Amino acid sequence: MTASAGLRITDLTVTYPGPRASGFGRRSSITAVDSVSLGVAPHETVALVGESGSGKSTIARAVVGLVAPAAGGIEFDATSLTNQRDRRARRNIAMIFQDPRSALNPRMSAAASISEAWEAHPDAAPDGVRKDARRRREAVVDLLAQVGLDPDVAEKRPTALSGGQCQRVSIARALALRPRLLICDEAVSALDVSVQAQVLQLLVSVREARSLSMLFITHDLGVVRQVADRVAVMRRGELVESADVTTLFSAPQHDYTRELLDAAVDLDVSG
Ligand SMILES: Nc1ncnc2c1ncn2[C@@H]1O[C@H](COP(=O)(O)OP(=O)(O)OP(=O)(O)O)[C@@H](O)[C@H]1O
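For the sequence shown, our numbering gives the first residue as 2, with consecutive numbering after it.
Right, dumping it as structure tokens:
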């Protein structure tokens, strides 16, 4: 393992077009992420926390290529992800979104959603799945089993599935390309409370079984304690503090981190 293995984000800045001051004025821009450096080592789980609008999702979107950085670098195993030539390196990284229904195509069965990934990335597809329908079906059923779903889910569309089942299909789809880093953007917060713990447990067991790294975006500090090795705290686009989970909870260095922890204690979720 080299020092640069895993995800390495260096001085990342991401801007969005802001509102026009007047009908003819120049567009302003919003700096959603401001010169953030952050790493996720192999097998490590890093939680990204911070108030709404602090730039957490934007970092995730930049890593998977949904938004282009204005400046800075993103590398996985020392291969740049911002360089068009090396975009194939992105298949090492999969993302689970907050709303599983909108993350899945409503017209596609679970099987089609899962196997679509193999058409887009043939080099990552298991042997035979692109040409052999029976082999493809077996591989889909195997992935469904890994996320705790029965084979008959394969034929179902998102509208015929519960929110928790949809999120499990999204996780199966993410695993189809055998990623090494899973980015979970509030992956359980849209689910019923009773289902949240089950899906969280699934993510943890998948992480263990596949030795994955994780970037875990959440506003729930109780969840952070359960899943993370390290915590990075964002505020207004900047990274204000990063520490291992025990240190951050027991000896936060930044006032803002203390505020977050105090707010969580008030809500009785962190302890
Ligand atoms: N598509 C967009 N166009 C313009 N501004 C955006 C866009 N997406 C996000 N922003 C702005 O960028 C900033 C960071 O948003 P981002 O969604 O990354 O924060 P977040 O910490 O993930 O928040 P939340 O927890 O609410 O999802 C916010 O000011 C937000 O309003």
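C-beta atoms are modelled at their ideal positions from N, C-alpha and C, and glycine is treated no differently. In this text, all values refer to a predicted model and were calculated from it rather than measured experimentally.
Helix, strand or coil: which one does DSSP assign to residue i?
| i | result |
| --- | --- |
| R21 | strand |
| V47 | strand |
| S58 | helix |
| L240 | strand |
| D263 | helix |
| D12 | strand |
| V154 | helix |
| T258 | helix |
| G7 | coil |
| R231 | strand |
| S195 | helix |
| S114 | helix |
| S53 | coil |
| S81 | strand |
| S296 | No answer is possible for residue 296: the residues shown for the chain start at 2 and end at 272. |
| R89 | helix |
| R179 | coil |
| R208 | helix |
Just checking my contact of residue i with residue j at CB under 8 Å: how many whole Å lie between their CB atoms?
| i | j | result |
| --- | --- | --- |
| A173 | D100 | Wrong, their Cβ atoms sit about 17 Å apart, outside the cutoff. |
| A72 | T14 | 4 Å |
| G7 | V41 | 5 Å |
| V50 | V234 | 6 Å |
| A259 | V246 | At residue 259 the sequence reads Arg, which differs from the Ala that was named. About 16 Å; that fails the 8 Å criterion. |
| A125 | R92 | 5 Å |
Look at the alpha carbon of residue i and the alpha carbon of residue j, and state the distance between them as a whole number of angstroms.
| i | j | result |
| --- | --- | --- |
| D151 | R21 | 51 Å |
| T83 | A61 | 13 Å |
| I184 | L216 | 5 Å |
| V205 | V228 | 7 Å |
| G129 | A121 | 15 Å |
| P253 | G54 | 21 Å |
| I218 | A48 | 6 Å |
| L213 | L176 | 10 Å |
| R236 | R131 | 45 Å |
| F77 | T248 | 27 Å |
| G238 | V232 | 16 Å |
Can you tell me where the alpha helix (DSSP H) with residue i in it begins and where it stops?
| i | result |
| --- | --- |
| G223 | 222-228 |
| V246 | 246-251 |
| S171 | 164-176 |
| A1 | Only positions 2 to 272 of the chain appear in the structure, and residue 1 is not among them; the question remains open. |
| E76 | No alpha helix (DSSP H) holds E76; the beta strand (DSSP E) holding it covers 72-77. |
| S103 | 101-104 |
Where do the N-terminal and C-terminal ends of the beta strand (DSSP E) with residue i fall, by residue?
| i | result |
| --- | --- |
| S38 | 28-41 |
| A303 | No answer is possible for residue 303: the residues shown for the chain start at 2 and end at 272. |
| A161 | A161 -> no beta strand (DSSP E), and no H or E assigned at all. |
| S214 | 214-218 |
| A69 | A69 -> no beta strand (DSSP E), and no H or E assigned at all. |
| S182 | For the record, residue 182 in the displayed sequence is Leu; it is not Ser. Residues 182-186. |
| M96 | 94-97 |
Have a look at the options and flag the residue whose alpha-carbon is nearest the alpha-carbon of residue i.
| i | options | result |
| --- | --- | --- |
| S103 | R237, C167, T219 | C167 |
| M109 | S214, G66, K157, R9 | K157 |
| G56 | E76, L240, R231, V225 | L240 |
| A161 | N106, Q197, S212 | N106 |
| A140 | E209, G149, S116, V47 | S116 |
| I75 | R9, G238, E52, A188 | R9 |
| P180 | G19, S58, I94, V232 | I94 |
| V224 | V154, A146, A264, V189 | V189 |
| L145 | P127, A111, A264, L178 | A111 |
| T46 | G19, Q147, V142, L182 | L182 |
| V68 | P18, L39, S114 | P18 |
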